[in-house]
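One structure below.
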Amino acid sequence: MFLPMASSDSRNSVETMQLQKLQALIAELEAGNEFYQSRLEQAGVTSSIGSLAEFSERMPFTSKMDLVWDREEFPPYGTNLTYPKENYSRFCQSSGTTRGPLPSLDTPESWSAMLDCWDRVFEAAGVTPDQTVFFAFSFGPFLGFWTAFESATRRGNLSIPGGGLGSQARLQAMAAHEAEVLCCTPTYALRLGEIFSEQKDPDFLSYRLKKIIVAGEPGGSLPEVRERLSEVWKGAEVFDHHGMTEVGPVTYEHPEKPLSLCVIEEAYFAEVIDRETHREVEPGQKGELVLTTLTRTACPLLRYRTGDLVQKSFFSAKGEPEPVFCLEGGILGRVDEMVVIRGVNVYPTAVEKIIRGFPEVAEFQVIQTTQQSMAELEIIIEPTGQAPSDLAERVAADLAAALTLRIPVKVAEAGSLPRFEFKSKRWVKQ
Numbered sequence: 108m109f110l111p112m113a114s115s116d117s118r119n120s121v122e123t124m125q126l127q128k129l130q131a132l133i134a135e136l137e138a139g140n141e142f143y144q145s146r147l148e149q150a151g152v153t154s155s156i157g158s159l160a161e162f163s164e165r166m167p168f169t170s171k172m173d174l175v176w177d178r179e180e181f182p183p184y185g186t187n188l189t190y191p192k193e194n195y196s197r198f199c200q201s202s203g204t205t206r207g208p209l210p211s212l213d214t215p216e217s218w219s220a221m222l223d224c225w226d227r228v229f230e231a232a233g234v235t236p237d238q239t240v241f242f243a244f245s246f247g248p249f250l251g252f253w254t255a256f257e258s259a260t261r262r263g264n265l266s267i268p269g270g271g272l273g274s275q276a277r278l279q280a281m282a283a284h285e286a287e288v289l290c291c292t293p294t295y296a297l298r299l300g301e302i303f304s305e306q307k308d309p310d311f312l313s314y315r316l317k318k319i320i321v322a323g324e325p326g327g328s329l330p331e332v333r334e335r336l337s338e339v340w341k342g343a344e345v346f347d348h349h350g351m352t353e354v355g356p357v358t359y360e361h362p363e364k365p366l367s368l369c370v371i372e373e374a375y376f377a378e379v380i381d382r383e384t385h386r387e388v389e390p391g392q393k394g395e396l397v398l399t400t401l402t403r404t405a406c407p408l409l410r411y412r413t414g415d416l417v418q419k420s421f422f423s424a425k426g427e428p429e430p431v432f433c434l435e436g437g438i439l440g441r442v443d444e445m446v447v448i449r450g451v452n453v454y455p456t457a458v459e460k461i462i463r464g465f466p467e468v469a470e471f472q473v474i475q476t477t478q479q480s481m482a483e484l485e486i487i488i489e490p491t492g493q494a495p496s497d498l499a500e501r502v503a504a505d506l507a508a509a510l511t512l513r514i515p516v517k518v519a520e521a522g523s524l525p526r527f528e529f530k531s532k533r534w535v536k537q
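Going letter by letter, the sequence shown gives residues 108 to 537 in our numbering.
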């Protein structure tokens, strides 16, 4: 059952639970978090805050640049630390900003709270403790890998790290250890599937992957990407998830609500705001996702503007007493990645959705240039084999129909475009 909207009355238990956690969090911040002490005082927000609505009305947003400036002024970790530094045992950092990676520290308690969130992701995907999980990530300071890996080991899963291995070696390890679940980005899952389909050994090809949990890019909830993944991996189920180093693991895909993401509401108070008015949008409308961490108290964020473009909705599942806050279609894109081409707003995810609808296209690249002070696009596609003579023409026609734009499309030689092991960089500015 899908609800077009849900009143506050229908979510009383969820909102009461979130308010209690928010009040406890604010009490911790009032006692020891220099970054938020003055912000809370100026906003008139205390641990006796009466409602989530009052909190949203009074508390200002936190932006990524607020965090960057804080770390630059008080290096290396800034002042958003609720407890003394000796209480912290975990270090991670974001993949980078214009001023470099953003470090983040956690206490054992906050780290454990994030592992609890990953438990929800695995449970929703139907991953059982007896299954072997392969993590095709490096051993860098990327929070998503470490939390996912440690959650799986804590659950009892045989967990195999693929850091330091090349793609062929990772694929061989997956087959040798009969990994049933793969965790990586959608881009890299496609790349591994591409290599898998090129194998000639009959014994190797008998290997079957059961589930793929993707994260790190918006493409995990695009039907075209999921169909391609399931095809190259011979029917494996695909589940999406998203999170970020600043806040932690945020969403899971409910088996009754495919192609969308449900917020882990015991850990996050989520809002979707209109970027112009900064007011909460109605169910069915799109806006920017804003998150308040409720359980990651060591380095919390209050009303953090994530930059993720989402569509707000609510979802009622069988056996669930109240509707769940849901992001229809997953992460639709990044609000700061939109480019205006001849008056048309174009998001990278919209372009990928169209191109992934062509099984003949193995990889693609978007070239963005500026001509006479105007942004222009050109798309290069790489065919899976011998390209049909009309492939570029058909891709261009679908782009024009969907975006009302004429975008030149060129065909590259097979194997000539770059492949990615982590987040893709298909959009190139020249």
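By construction, the Cβ of each residue, glycine as well, lies at the ideal position given by its N, Cα and C atoms. Note that the structure is a prediction, hence the values are computed from the model and not measured.
When you compare only the Cα positions, how much space is there between R315 and L174? On the sequence shown, position 208 is the one that residue 315 refers to. On the sequence shown, position 67 is the one that residue 174 refers to. Straight-line spacing of the CA atoms in R315 and L174 works out to 44 Å.
If you draw a straight line from the C-alpha of A374 to the C-alpha of D308, how long is it? Taking the sequence shown and counting its residues from 1, the one referred to as residue 374 is at position 267. Taking the sequence shown and counting its residues from 1, the one referred to as residue 308 is at position 201. Computed Cα separation, rounded: 46 Å.
Starting from N194 and walking both ways along the alpha helix (DSSP H), at which residues does that stretch end? Locating residue 194 in the sequence shown gives position 87, where the first residue counts as 1. Here N194 belongs to no alpha helix (DSSP H), and DSSP marks it neither H nor E.
Among E257, L272 and Q392, nearest to L265 - alpha-carbon criterion: Here residue 265 refers to the residue found at position 158 of the sequence shown. In terms of CA proximity to L265, E257 leads the group E257, L272 and Q392.
How should T476 be labelled, buried or exposed, when 16 other C-beta atoms within 10 angstroms of its C-beta is the threshold for buried? Here residue 476 corresponds to residue number 369 of the sequence shown, with the count starting at 1. With fewer than 16 other Cβ atoms within 10 Å, it is exposed.
Taking Cβ positions, are F432 and V370 nearer each other than 7 Å? In the sequence shown, counting from the first residue as 1, residue 432 sits at position 325. In the sequence shown, counting from the first residue as 1, residue 370 sits at position 263. The answer is yes: Cβ separation under 7 Å.
In angstroms with no decimal places, state the Cα-to-Cα distance between T204 and T254. Taking the first residue of the sequence shown as 1, we reach residue 204 at position 97. Taking the first residue of the sequence shown as 1, we reach residue 254 at position 147. Unreliable placement is indicated for T204, whose pLDDT of 49 sits below 50; the coordinate value is still reported in the next sentence. Here the alpha carbon of T204 sits roughly 22 Å from the alpha carbon of T254.
Looking at the structure shown, is N452 part of a helix, part of a strand, or coil, going by DSSP? Start at 1 with the first residue of the sequence shown, and residue 452 comes out as number 345. In the structure shown, N452 adopts extended strand secondary structure according to DSSP, grouped into three states.
Selected residue, minimal CA-CA separation from Y454, among V468, F246, V473 and G464: Stepping through the sequence shown from its first residue, residue 454 is reached at position 347. Looking from the CA of Y454, the closest CA among V468, F246, V473 and G464 belongs to V473.
Going by Cα to Cα distance, which pick from N194, L484 and L368 is closest to K536? Taking the first residue of the sequence shown as 1, we reach residue 536 at position 429. Comparing C-alpha distances from K536 to each of N194, L484 and L368 shows the shortest one belongs to L484.
Relative to the alpha-carbon of K425, which residue among I448, Q149, H361 and F376 has its alpha-carbon at the smallest distance? Start at 1 with the first residue of the sequence shown, and residue 425 comes out as number 318. The shortest Cα separation from K425 among I448, Q149, H361 and F376 belongs to H361.
The alpha helix (DSSP H) spanning E427 covers which residue range? Working through the sequence shown from its first residue, we reach residue 427 at position 320. Note, E427: premise wrong, no alpha helix (DSSP H); not H, not E.
I want to see whether chain D comes within less than 7 Å of M281, judged by CB atoms only; does it? Any reference to chain D falls outside this structure, which holds one protein chain only.
By the 10 Å Cβ neighbour count, where 16 or more other Cβ atoms means buried, how is W340 classified, buried or exposed? Taking the first residue of the sequence shown as position 1, residue 340 is located at position 233. Classification of W340: buried, given that the 10 Å Cβ count is 16 or more.
Answer with buried or exposed for A231, where buried requires no fewer than 16 other C-beta atoms within 10 angstroms of its C-beta. Against the sequence shown, residue 231 aligns to sequence position 124. In this structure A231 is buried. Its beta-carbon is surrounded by 16 or more other beta-carbon atoms within 10 angstroms.
Going by C-alpha distance, which of V458, R277, A322 and E216 is nearest S196? Counting from one through the sequence shown, the residue named residue 196 turns up at place 89. The shortest C-alpha separation from S196 is found at E216.
Using DSSP with H/G/I as helix, E/B as strand and the rest coil, what is C224? Along the sequence shown, one-based indexing puts residue 224 at 117. In the structure shown, C224 sits in a helix (DSSP, three-state: H, G or I).
Where does S120 sit, in a helix, a strand or coil, going by DSSP? Locating residue 120 in the sequence shown gives position 13, counting from the first residue. The DSSP-derived three-state label of S120 is helix.
Own chain, CB closer than 6 Å to L506, minus 5 neighbours either side, in chain order: Here the question's residue 506 lines up with position 399 in the sequence shown. The beta carbon of L506 is closer than 6 Å to those of I461 and I514 in its chain, skipping five residues each way along the sequence.
Using the C-alpha atoms, what's the distance from G342 back to V397? As a working mapping, residue 397 is identified with position 290 in the sequence shown. As a working mapping, residue 342 is identified with position 235 in the sequence shown. Distance between the alpha carbons of V397 and G342 is about 35 Å.
When DSSP builds the beta bridges, which residues end up paired with Y411? As a position in the sequence shown, residue 411 is number 304, starting the count at 1. DSSP lists T169 and L398 as partners of Y411.
Three-way DSSP call (helix, strand, coil) for E135 in this model: Within the sequence shown, residue 135 is the residue found at index 28, counting from 1. Correct three-state label for E135: helix.
Where M445 sits in the DSSP three-state scheme: Reading the sequence shown from its first residue, position 338 is the one you call residue 445. In this structure, M445 counts as coil in the three-state DSSP scheme.
Measure the C-alpha to C-alpha separation of V446 and P490 and round it to an integer number of angstroms. Here residue 446 corresponds to residue number 339 of the sequence shown, with the count starting at 1. Here residue 490 corresponds to residue number 383 of the sequence shown, with the count starting at 1. The straight-line gap from Cα to Cα measures roughly 26 Å.
Is the separation between the beta-carbon of E324 and that of P293 shorter than 7 Å? For the purposes of this step, residue 324 is identified with residue 217 of the sequence shown, where counting begins at 1. For the purposes of this step, residue 293 is identified with residue 186 of the sequence shown, where counting begins at 1. Yes, they are a contact pair.
For R526, which residues of its own chain have a beta-carbon under 6 Å away from its beta-carbon, when the five flanking residues on both sides are left out? By one-based count along the sequence shown, residue 526 stands at place 419. R298.
Have a look at H348 and G327 and give me their C-alpha separation to the nearest angstrom. Mapped onto the sequence shown, residue 348 falls at position 241. Mapped onto the sequence shown, residue 327 falls at position 220. About 8 Å.
What is the DSSP secondary structure of W534, counted as helix, strand or coil? On the sequence shown, residue 534 is found 427 positions in, with the first residue counted as 1. Reduced to three states, the DSSP call for W534 is strand.
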